[in-house]
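Colleague:
In this note's numbering, the protein residues as written are 77 to 142.
#1: By Cβ distance below 7 Å, which residues in the same chain neighbour residue 103 in space, the five residues on each side in sequence not counted?
#2: Let me know the secondary structure DSSP gives residue 86 once reduced to three states.
#3: According to DSSP, is residue 99 part of a helix, a strand, or is it coil?
#4: Among the candidates 126, 115, 138, whose CA atom is the shortest distance from the CA of residue 95?
#5: Please look up how many angstroms separate the CB atoms of residue 88 and residue 99, rounded, as I've assumed it's under 8 Å.
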């Protein structure tokens, strides 16, 4: 379901190790990592920040908008 190039929006606030990402923040998936324990995705947000989220978190806190 999650692919490079998709436009996404956060459906809830995510507290990261270093930063907080607020609900409603929009971005684009720019990279996919296929790992043994599951995929993760790098998201470039429109405010210039970048974050890498595991697939489980993407499934519960992110929606595709385009």
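Even for Gly, the Cβ is constructed at its ideal location relative to N, Cα and C.
Modeller: On the basis of the data shown:
#1: 84, 119, 120, 121, 122
#2: strand
#3: coil
#4: 126
#5: 5 Å
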